[in-house]
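Respectively, the protein sequence lines represent chains A and B. Read in order, the letters of the first sequence correspond to residues 1 to 331 in my numbering. Read in order, the letters of the second sequence correspond to residues 332 to 380 in my numbering. Glycine included, C-beta positions come from ideal geometry on N, C-alpha and C. Note that the structure is predicted; figures quoted are calculated from it, not measured. Each remark here refers to the structure printed beneath this line.
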Amino acid sequence: MAIENARKSVAGLLNAHPGEIFFTSGGTESNNTAILSAIRDLGCTHIITSPIEHHAVLHTVAHYASRKTISFSFVKLLADGHIDLKDLEAQLAGREDKCLVTLMHANNEIGNLLSMNVVSALCRKYNAVFHSDCVQTVGHYPIDLSRMDIDFISASGHKFHGPKGVGILYVNSNVQAKPLLHGGGQERNMRAGTENLYGIVGFARALELAMERYEQDSAYIKKLKAYMTTQLLQHLPGIGFNGDYDGSCLYTVLNTSVPQSAKSEMLLFNLDIHGICVSGGSACSSGASQGSHVINALKLDDIGVAGRFSFCKYNTMQEVDKVVEVLTGLI
Amino acid sequence: MTNSKRIYFDNAATTPLDKEVLEAMMPTSPKGLAILHPFIPLAEKPGWQ
Ligand SMILES: Cc1ncc(COP(=O)(O)O)c(C=O)c1O
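Put into structure tokens, the structure is as follows:
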């Protein structure tokens, strides 16, 4: 009962059918399931993705491509980090084999948003399967799946004040998908294993609250981001921003770039010492010392030290002031 | 919610759990989960697990 109520609620909020919502352990599992299903069940033999996807997509694509039965290609990026839609169309038009297009709705490091309807129309035109990692947008934007012609989307509870270790995979009712995990008949045979009941109930409640408060919370967070942007520009000459930060971008993410120097190399470490928690690159694999694959893929002429500041409704203007003050002292 | 000494600007990595979400997940809370005992009506059981 509790699980079915949660499913109904989530489906209602995303304007999908309850039968299209499957609970998983999170974004990673949902991405893996969608990609495997597109290859195994829907006959895709080529994957078009981007070099700035989350590793939950990139490593999965690389894993299946290593078997040589499928191939993949990266779509070109524009200078601001957006997907080059002309290149996407050219790639789709040039292929005879069935393609999976897997492109994230919003990039978790630079925040750039994808034109979902344009990509979806291209996928339909060329008979490609479309999956989108919506982990950074579900719970942060109203999503109407009835108006978004898409085969799979992935979402994760802990990105919008829900519990960790639970997510969803949306599978369009026109798609005949099979599971990643085999065993019991849970999730209508789509995801074996005793369900994470507490997580599922928490996921649904978090999405309900996020959507109920969307107008006020998003307006507040937008103000925080705008305030931080202007304060940084005012106090830190030479600062730049990665991605389309003041355009088609998440209101929750501001990716800064400061010129390389002995001081700035240690920026994240020094911020941490001052009690400020930010991320340099994708924090989902925190601890990794290599540079961010997203920033590297942007091929910037002038690579600065990147810092991702990402906000929520609990942050305050005073915190922004404090961070700007500390940053000014550190650089 | 944010710890007064630390500033958390890493919400794209993970966000703090909302109190109301936790309440909904708590078996003891009046607003919480209605069924937590394994002795659930037969009709709702998914079969052999
Ligand atoms: C864009 C994106 N996709 C996928 C994931 C992985 O989701 P999960 O942690 O729920 O496995 C993350 C971060 O965790 C993410 O930011």
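**Message:** Would you say the beta carbon of residue 156 (chain A) is closer than 7 Å to some non-hydrogen atom of ligand 1?
**Reply:** yes
**Asked** Taking just the CA atoms, how far does residue 268 (chain A) sit from residue 286 (chain A)?
**Response** Residue placement at residue 286 (chain A) is flagged as unreliable, the pLDDT there being 44, under the threshold of 50; the coordinate-derived value follows with that caveat. The straight-line gap from Cα to Cα measures roughly 12 Å.
**Message:** So, under 8 Å CB-CB, residue 156 (chain A) and residue 171 (chain A) are touching, yes? Tell me the CB distance rounded to an integer number of Å.
**Reply:** Incorrect: roughly 16 Å between the Cβ atoms, too far for contact.
**Request:** Please say whether residue 320 (chain A) and residue 224 (chain A) have beta carbons closer to each other than 8 Å?
**Result:** yes
**Item:** C-alpha gap between residue 5 (chain A) and residue 94 (chain A), whole angstroms
**Value:** 45 Å
**Buried versus exposed, by CB contacts within 10 Å (16 or more), residue 91 (chain A)** = buried
**Message:** Please report the distance separating the alpha-carbon of residue 187 (chain A) from that of residue 297 (chain A).
**Reply:** 38 Å
**Request:** Check whether the segment 101 to 120 of chain A touches the segment 50 to 63 of chain A, counting contact only when three or more Cβ pairs, one atom from each stretch, lie closer than 8 Å.
**Result:** With the cut-off at 8 Å, the segment 101 to 120 of chain A and the segment 50 to 63 of chain A touch.
**Request:** May I have the straight-line CA-CA distance separating residue 180 (chain A) from residue 144 (chain A), to the nearest angstrom?
**Result:** 26 Å
**Asked** Can you name, in chain order, every residue of its own chain whose Cβ lies under 6 Å from the Cβ of residue 196 (chain A), other than the five neighbours on each side?
**Response** 166
**Prompt:** Can you give the Cα-Cα distance for residue 111 (chain A) and residue 246 (chain A), rounded to whole angstroms?
**Reply:** 10 Å
**Asked** Is the segment 265 to 280 of chain A touching the segment 290 to 309 of chain A, taking contact as three or more C-beta pairs under 8 Å?
**Response** yes
**Request:** Compute the minimum distance between the beta carbon of residue 102 (chain A) and the heavy atoms of ligand 1, and state whether it is under 7 Å.
**Result:** Incorrect: residue 102 (chain A) has no Cβ contact closer than 7 Å to ligand 1.
**Prompt:** Is the segment 144 to 153 of chain A touching the segment 3 to 18 of chain A in the sense that three or more CB pairs, one from each, lie closer than 8 Å?
**Reply:** yes
**Message:** Is there a Cβ of chain B sitting closer than 8 Å to that of residue 108 (chain A), yes or no?
**Reply:** Taking Cβ atoms only, chain B reaches closer than 8 Å to residue 108 (chain A), which makes this a yes.
**Message:** Quick check on DSSP: helix, strand or coil for residue 83 (chain A)?
**Reply:** strand
**Prompt:** Any Cβ of chain B within less than 8 Å of the Cβ of residue 241 (chain A)?
**Reply:** no
**Asked** What first and last residue would you give for the beta strand (DSSP E) that runs through residue 334 (chain A)?
**Response** Chain A is shown only over 1 to 331; residue 334 (chain A) falls outside these bounds and no answer can be derived.
**Message:** Assuming residue 98 (chain A) and residue 87 (chain A) are in contact, meaning their beta carbons sit under 8 Å apart, how far apart are those beta carbons, in whole angstroms?
**Reply:** Going by Cβ atoms, the distance from residue 98 (chain A) to residue 87 (chain A) rounds to 19 Å, so no, they are not a contact pair.
**residue 81 (chain A) beta carbon near ligand 1 (any heavy atom closer than 7 Å)** = no
**Message:** Report the start-end ranges of each alpha helix (DSSP H) in the segment 154 to 228 of chain A that is 4 residues or longer and not cut off at the edges.
**Reply:** 186 to 189, 197 to 212
**Asked** By the criterion of Cβ-Cβ separation under 8 Å, what are the contact partners of residue 209 (chain A) in chain B?
**Response** 349, 351, 352
**Prompt:** Could you check where the alpha helix (DSSP H) with residue 5 (chain A) kicks off and where it finishes?
**Reply:** 2 to 14
**Asked** Shorter than 8 Å from the beta carbon of residue 276 (chain A) to some beta carbon of chain B?
**Response** yes
**Prompt:** With 16 other CB atoms within 10 Å as the buried threshold, where does residue 340 (chain B) fall?
**Reply:** buried
**Asked** Among the residues of its own chain, which have a CB less than 8 Å from the CB of residue 194 (chain A), if the five just before and after it don't count?
**Response** 184, 186
**Request:** For my contact list, residue 133 (chain A) and residue 32 (chain A) are in at a C-beta cut-off of 8 Å; report their separation, rounded to the angstrom.
**Result:** Incorrect: roughly 11 Å between the Cβ atoms, too far for contact.
**8 Å Cβ cutoff, residue 57 (chain A) in contact with chain B** = no
**Item:** CB-CB length for residue 80 (chain A) against residue 243 (chain A), believed under 8 Å
**Value:** 7 Å
**Asked** What first and last residue would you give for the alpha helix (DSSP H) that runs through residue 124 (chain A)?
**Response** 116 to 125
**Request:** With a floor of 3 residues, list each beta strand (DSSP E) that falls wholly inside the segment 21 to 91 of chain A, ordered by position along the chain.
**Result:** 21 to 24, 46 to 49, 71 to 74
**Where the beta strand (DSSP E) containing residue 257 (chain A) begins and where it ends** = 253 to 258
**Prompt:** Going along chain B, which residues have a C-beta under 9 Å from residue 315 (chain A)?
**Reply:** 333, 338, 339, 340, 342
**Item:** Proximal residues to residue 54 (chain A) (C-beta, below 8 Å), its chain only, five neighbours per side dropped
**Value:** 27, 31, 104, 108, 133, 135, 282, 284
**Prompt:** Is the beta carbon of residue 3 (chain A) less than 8 Å from the beta carbon of residue 10 (chain A)?
**Reply:** no
**Message:** Counting only Cβ pairs nearer than 7 Å, list the residues of chain B close to residue 161 (chain A).
**Reply:** What residue 161 (chain A) touches in chain B: 346, 347, 348, 349, 352.
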